[in-house]
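The next block holds one structure in the form of structure tokens; read it before the comments.
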């Protein structure tokens, strides 16, 4: 039996949708949940705030030492970073990390992480958090890797995303009306009191799918950046005019002496250089890596405005500063990619919009399944 072009497209749309539907639903729902992670985390975690704001904060080195003492029951975990906020009411946090079984299937068996939250004014410990199972960490890992080890989960999620992209394109072909009369039924809901549930479900799939297609493509294409390293590098290569720009590795240029508290000098330096930054992060090198530079990060409201500065870990001398203007076109886009993906590049309204698009994307496999189910399970009329 010869099939028409649209019948072939329908078959492709159907079976691709069936093969990736469950994963697309998971990605859509977790994307909705994670859209407002930055706003919700401080609300649901009371230990993100101090009891009382005081005149002076304790030195970073002292806060790190207090955190080490609080986490002494896990001596195998190494210090990995320190984070604090410009908001005077926010707590500071110290991160510890331990690598476990690299070959384990589930991410929580690959590593163990602990976050110690401290009152930066008094040094009191507000919370020892097992970061692996913190709600938003779990949601993010479910979204990115289905909670699997990265080298397993990334290609699965990435492949499902590619299938979803093809499904959006084939869906548009199927949606395309034959004439103006048919088009009237495709642009908006024309429901009456007598409209049956099957028709409503069909319209939800077709009409919402049409209006969200372009934005769904943007979310999907930006999401692929994390799934496939070759795609990430390829996008940057193309935007850089066919050039691969390697990240310069800087090292501490002296190891024969160390300041007693270089981390305090480093923090004071980035605070003075970027007094209006939203948050400050210091990544601490491993104890046995004497050449590694001490990496710092000044985070602003817009992710692409962030500044990274690397210091000599022994002398606190500035080794490298990278601002937005220092980056190549590809690197600038890479810095903006997360903001585009979650909508934050357009502020809070952008996040709301991305939330709604993700919600519709999650609904498409469900409404599509019910269209297929309805067509293949029609009640046979019994003869009179």
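In the numbering used here, the protein residues as written are 11 to 394.
Note that the Cβ used here is the ideal one computed from N, Cα and C, for glycine as well.
Checklist entry - In three-state DSSP terms, what is residue 277? => result Start at 1 with the first residue of the chain shown, and residue 277 comes out as number 267. If DSSP states are grouped into helix, strand and coil, residue 277 belongs with the helices.
Checklist entry - From 129, 125 and 248, pick the residue whose C-alpha is nearest to that of residue 143; which is it? => result For this step, residue 143 is matched to residue 133 along the chain shown. Ranking the options by Cα distance to residue 143, first place goes to 125.
Item to check | residue 104 in three-state terms, based on DSSP | outcome: The residue given as residue 104 occupies position 94 in the chain shown. Judged by DSSP in its simplified three-state form, residue 104 adopts strand.
Item to check | Sufficient close CB pairs (3 or more, under 8 Å) joining the stretch 48-63 to the stretch 150-164 | outcome: The stretch 48-63 is not in contact with the stretch 150-164.
Item to check | Backbone secondary structure at residue 315 - three-state DSSP | outcome: The count along the chain shown starts at 1 and reaches residue 315 at position 305. It is helical.
Item to check | Between the CA atoms of residue 318 and residue 333 - distance to the nearest angstrom | outcome: Position 323 of the chain shown, counting from 1, holds the residue named residue 333. Position 308 of the chain shown, counting from 1, holds the residue named residue 318. Using only the alpha carbons, I get a separation of about 7 Å.
Next on the checklist: Which same chain residues end up closer than 7 Å to residue 284 when comparing Cβ atoms and leaving out the 5 residues on each side of it in sequence?
Outcome noted: Here residue 284 corresponds to residue number 274 of the chain shown, with the count starting at 1. Hits under 7 Å: 308 and 317.
Checklist entry - What is the DSSP secondary structure of residue 308, reduced to helix, strand or coil? => result The count along the chain shown starts at 1 and reaches residue 308 at position 298. The answer is strand: DSSP assigns residue 308 an E or B state.
Checklist entry - Alpha carbon to alpha carbon, what distance is there between residue 223 and residue 388? => result Position 378 of the chain shown, counting from 1, holds the residue named residue 388. Position 213 of the chain shown, counting from 1, holds the residue named residue 223. Approximately 30 Å between the Cα atoms of the pair.
Item to check | beta strand (DSSP E) segment containing residue 91, residue limits | outcome: Mapped onto the chain shown, residue 91 falls at position 81. Run containing residue 91: 88-95, per the beta strand (DSSP E) assignment.
Item to check | Cβ distance (whole Å) where residue 27 is taken to contact residue 378 below 8 Å | outcome: Stepping through the chain shown from its first residue, residue 27 is reached at position 17. Stepping through the chain shown from its first residue, residue 378 is reached at position 368. 5 Å between Cβ atoms; contact.
Next on the checklist: Taking only three categories from DSSP, how would you classify residue 134?
Outcome noted: One-based indexing of the chain shown puts residue 134 at position 124. Looking at residue 134 - three-state DSSP - the assignment turns out to be coil, as it is neither helix nor strand.
Next on the checklist: Tell me the rounded alpha-carbon separation between residue 87 and residue 237.
Outcome noted: Here residue 87 refers to the residue found at position 77 when the chain shown is read from its first residue. Here residue 237 refers to the residue found at position 227 when the chain shown is read from its first residue. Between residue 87 and residue 237, the C-alpha separation is close to 28 Å.
Next on the checklist: Rounding to the nearest angstrom, what Cα-Cα distance links residue 31 and residue 277 in this structure?
Outcome noted: As a first step, residue 31 is located in the chain shown; it is residue number 21 there, counting from the start. As a first step, residue 277 is located in the chain shown; it is residue number 267 there, counting from the start. A direct Cα-Cα distance of roughly 47 Å separates residue 31 from residue 277.
Item to check | residue 38 to residue 173 span [Cα, whole Å] | outcome: Locating residue 38 in the chain shown gives position 28, counting from the first residue. Locating residue 173 in the chain shown gives position 163, counting from the first residue. Residue 173 has its alpha-carbon roughly 14 Å from the corresponding atom of residue 38.
Item to check | Host alpha helix (DSSP H) of residue 344 (start-end) | outcome: By one-based count along the chain shown, residue 344 stands at place 334. DSSP places residue 344 in the uninterrupted alpha helix (DSSP H) bounded by 339-352.
Next on the checklist: Going residue by residue through the stretch 154-188, where are the continuous alpha helix (DSSP H) segments of at least 4 residues, counting only ones entirely within it?
Outcome noted: Whole alpha helix (DSSP H) segments, 4+ residues: 160-185.
Checklist entry - So, using beta-carbon positions, are residue 101 and residue 60 closer together than 7 Å? => result As a working note, residue 101 is residue 91 in the chain shown. As a working note, residue 60 is residue 50 in the chain shown. Remark: C-beta atoms of residue 101 and residue 60 approach each other more closely than 7 Å.
Checklist entry - Going straight from the alpha carbon of residue 267 to that of residue 275, what length do you get? => result As a first step, residue 267 is located in the chain shown; it is residue number 257 there, counting from the start. As a first step, residue 275 is located in the chain shown; it is residue number 265 there, counting from the start. Since pLDDT at residue 267 reaches only 49, below the 50 mark, its modelled position is unreliable, and the value read off the structure follows with that caveat. Per the coordinates, the alpha-carbon of residue 267 lies some 15 Å from the alpha-carbon of residue 275.
Next on the checklist: Quick check: the Cα distance between residue 239 and residue 203, rounded to an integer number of angstroms?
Outcome noted: Locating residue 239 in the chain shown gives position 229, where the first residue counts as 1. Locating residue 203 in the chain shown gives position 193, where the first residue counts as 1. So the alpha carbons of these two residues sit roughly 51 Å apart.
Item to check | Any 3 or more C-beta pairs closer than 8 Å across the stretch 96-110 and the stretch 70-82 | outcome: Contact check between the stretch 96-110 and the stretch 70-82: three or more CB pairs, one atom from each, fall below 8 Å, which counts as touching.
Checklist entry - Nearest to residue 89 by alpha carbon, out of 170, 337 and 80? => result Residue 89 sits at position 79 when you count from the first residue of the chain shown. Ranking the options by Cα distance to residue 89, first place goes to 80.
Checklist entry - Could you check where the alpha helix (DSSP H) with residue 47 kicks off and where it finishes? => result Looking up residue 47 in the chain shown gives position 37. 47-54 is the span of the alpha helix (DSSP H), which, as asked, contains residue 47.
Next on the checklist: Between which two residues does the beta strand (DSSP E) holding residue 221 run?
Outcome noted: Residue mapping note: residue 221 aligns to position 211 of the chain shown, counting from 1. From DSSP, residue 221 is part of no beta strand (DSSP E) but of the alpha helix (DSSP H) over 207-237.
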